[in-house]
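Its first residue numbered -1, the sequence shown is counted upward by one per residue in the working numbering. Glycine included, each C-beta is placed from N, C-alpha and C at the ideal position.
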Amino acid sequence: MPCYRCGARQTDPVRGASPWQRGVRNESQVLICPDCQRLHDHDLDACSTCGSRALICRLGEVECRSCGAVRMARSDALTVSVPPPPGLSAEVEAALNRVLGRA
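This is the structure we're talking about:
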């Protein structure tokens, strides 16, 4: 999953905690790269119970990692599609060609 702000792709992690940040924006799980963490306002969703932005979204639910509150994700927000980052289809095609031994 690329950074939702700039489209940077995450590389293989080194040992230890990842420098990438997770969050929920418009009812969808997003990743934020280290560069965008320093440069931008993230406009992430907040917990309606405690106000924390430490949310995770999974299987149609949004959970707050601070207070543990769980709610259903809004179904109208789930229909919003995010376009793939530029060049992603070319990267996928090149990876498939390498793995399948195509020229």
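**Prompt:** Distance, Cα to Cα, L37 vs A15?
**Reply:** Indexing the sequence shown from 1 puts residue 37 at position 39. Indexing the sequence shown from 1 puts residue 15 at position 17. Spanning the two alpha carbons is a distance of roughly 21 Å.
**Prompt:** If you run the structure through DSSP and keep just helix, strand and coil, what is S87?
**Reply:** Your numbering for residue 87 matches position 89 in the sequence shown. If DSSP states are grouped into helix, strand and coil, S87 belongs with the helices.
**Message:** Tell me the rounded alpha-carbon separation between V12 and S87.
**Reply:** Residue 12 sits at position 14 when you count from the first residue of the sequence shown. Residue 87 sits at position 89 when you count from the first residue of the sequence shown. Whole-angstrom Cα-Cα distance: 26 Å.
**Prompt:** Taking DSSP as the reference, what is the three-state secondary structure of V12?
**Reply:** Position 14 of the sequence shown holds residue 12. In the three-state scheme derived from DSSP, where H, G and I count as helix and E and B as strand, V12 is classed as coil.
**Asked** With a Cβ-Cβ cutoff of 8 Å, do D41 and R69 count as a contact?
**Response** Walking along the sequence shown from the start, residue 41 turns up at place 43. Walking along the sequence shown from the start, residue 69 turns up at place 71. Not a contact, by the Cβ cut-off of 8 Å.
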